[in-house]
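Below is one structure, written out as structure tokens, with a few remarks after it.
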Amino acid sequence: MGQKQSKGAQGESLARQLAVYEYWFKAFSEHDPQEALAKSGRLWFGMEDGKPVSAEEKKAIDKDIKDNFGEDLQKFKRGEYDEWPETAKGVTSCCILGDQMSRNMFRGEAEAFAQDEKVRGIVKDALQHGMDVDQPFYVRTFWYMPFMHSEDLEDQKRVLEFYETQAGCLPDGWQKTQATNGLQFAKSHHDVIERFGRFPHRNEVLGRESTPEEIEYLKTADRWGQ
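Numbering (this note's numbering), first residue to last: -13 to 212.
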């Protein structure tokens, strides 16, 4: 846990936790879940109506996130928000800030991945305590994103198991469709780690030398994993 905070600091920390959560899931407070999911694609995945948003719009999204939450990421890094994982909503905010927003703020830089290990540790502990079971499916997916972003094969297997279970047990409808699509996306990540032991997409920004096989793969590979 982080250092003991005054009541004022604790209140500010909670306010920022909620700000992160509400920014990411804003559409769900304004629309039914199925419509909200469709509207959230622009923010979450840089996709709108099944197509990638423009480079200019992606930059605008990244800038808005950095302007609003850049200092929060630094506080998270310094341990000033280490009480967040005491609640399920706090764990979710850790995932959003440290695993999602970090990639917006530092797109194409090594710093984008700097909090990955910390966030995975938070989620692993929370899952061991069953803190995710009462969360909506669309929220739980963000608990598993840190594992999808991992270069450890066991983490990748964890994601596959989650989506396989959800795709098999959710009733027909938008959630089952989301789970089925998520399973395919998880498989694509798993297969890269199984093949290379790492995401070749990250080699350049992390200063790693690509193998001839990785260089060939990157010529036609999807551009996630950066």
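Idealized CB from N, CA, C, for every residue including glycine. Every value quoted in this text rests on a predicted model; they were computed, and no experiment measured them.
Review point. Given that a residue counts as buried once 16 or more other Cβ atoms are within 10 Å of its Cβ, and exposed if not, what is residue 1?
Key: Locating residue 1 in the sequence shown gives position 15, counting from the first residue. Classification of residue 1: exposed, given that the 10 Å Cβ count is below 16.
**Study point:** Same chain, Cβ closer than 6 angstroms to residue 44, five either side skipped, listed in chain order
**Key:** Here residue 44 is taken as the residue at index 58 of the sequence shown, counted from 1. Same-chain partners within the cutoff: 32.
Point to revise | Cβ-based burial, residue 74 [other Cβ within 10 Å; buried from 16] | key: The count along the sequence shown starts at 1 and reaches residue 74 at position 88. Burial call: buried.
Exercise for review: Assuming residue 112 and residue 145 form a contact by the criterion Cβ under 8 angstroms, report the distance between their Cβ atoms to the nearest whole angstrom.
Suggested key: Along the sequence shown, read from residue 1 onward, the residue named residue 112 stands at position 126. Along the sequence shown, read from residue 1 onward, the residue named residue 145 stands at position 159. Incorrect: roughly 15 angstroms between the Cβ atoms, too far for contact.
Check your understanding: Exposed or buried, which one is residue 155 when buried takes at least 16 other CB atoms within 10 Å?
Key -> Numbered from its first residue, the sequence shown carries residue 155 at position 169. The residue in question, residue 155, is exposed, as its Cβ has fewer than 16 Cβ neighbours within 10 Å.
Practice item. Give the DSSP-derived three-state secondary structure of residue 19 in the structure shown. Key: One-based indexing of the sequence shown puts residue 19 at position 33. Correct three-state label for residue 19: helix.
Practice item. With DSSP collapsed to three states, give me the class of residue 186. Key: Translated into the one-based positions of the sequence shown, residue 186 becomes position 200. Of the three classes helix, strand and coil, the one that applies to residue 186 here is helix, per DSSP.
Exercise for review: Give the DSSP-derived three-state secondary structure of residue 33 in the structure shown.
Suggested key: What you label residue 33 is simply residue 47 of the sequence shown in a count that begins at 1. In the structure shown, residue 33 sits in a strand (DSSP, three-state: E or B).
Point to revise | residue 79: CB within 6 angstroms of a non-hydrogen atom of the ligand MG | key: The ligand content of the structure shown is nil, which means the ligand MG is not present either.
**Study point:** Per-residue burial, residue 200 [other beta carbons within 10 Å of its own, 16 or more giving buried]
**Key:** As a position in the sequence shown, residue 200 is number 214, starting the count at 1. Its Cβ being crowded by 16 or more others within 10 Å, residue 200 is buried.
Point to revise | Buried versus exposed call for residue -13 [16 or more other C-beta atoms within 10 Å across all chains shown] | key: The residue given as residue -13 occupies position 1 in the sequence shown. With a pLDDT of only 45 at residue -13, under the threshold of 50, the placement of this residue in the model should not be trusted, and no figure is reported.
**Study point:** Contact under 7 angstroms by Cβ, residue 105 with residue 120
**Key:** For the purposes of this step, residue 105 is identified with residue 119 of the sequence shown, where counting begins at 1. For the purposes of this step, residue 120 is identified with residue 134 of the sequence shown, where counting begins at 1. No, they are not a contact pair.
Exercise for review: Compare the Cα-Cα distances from residue 142 to each of 123, 157 and 185 and report the closest residue.
Suggested key: As a working mapping, residue 142 is identified with position 156 in the sequence shown. Selected option, being the one with the closest Cα: 185.
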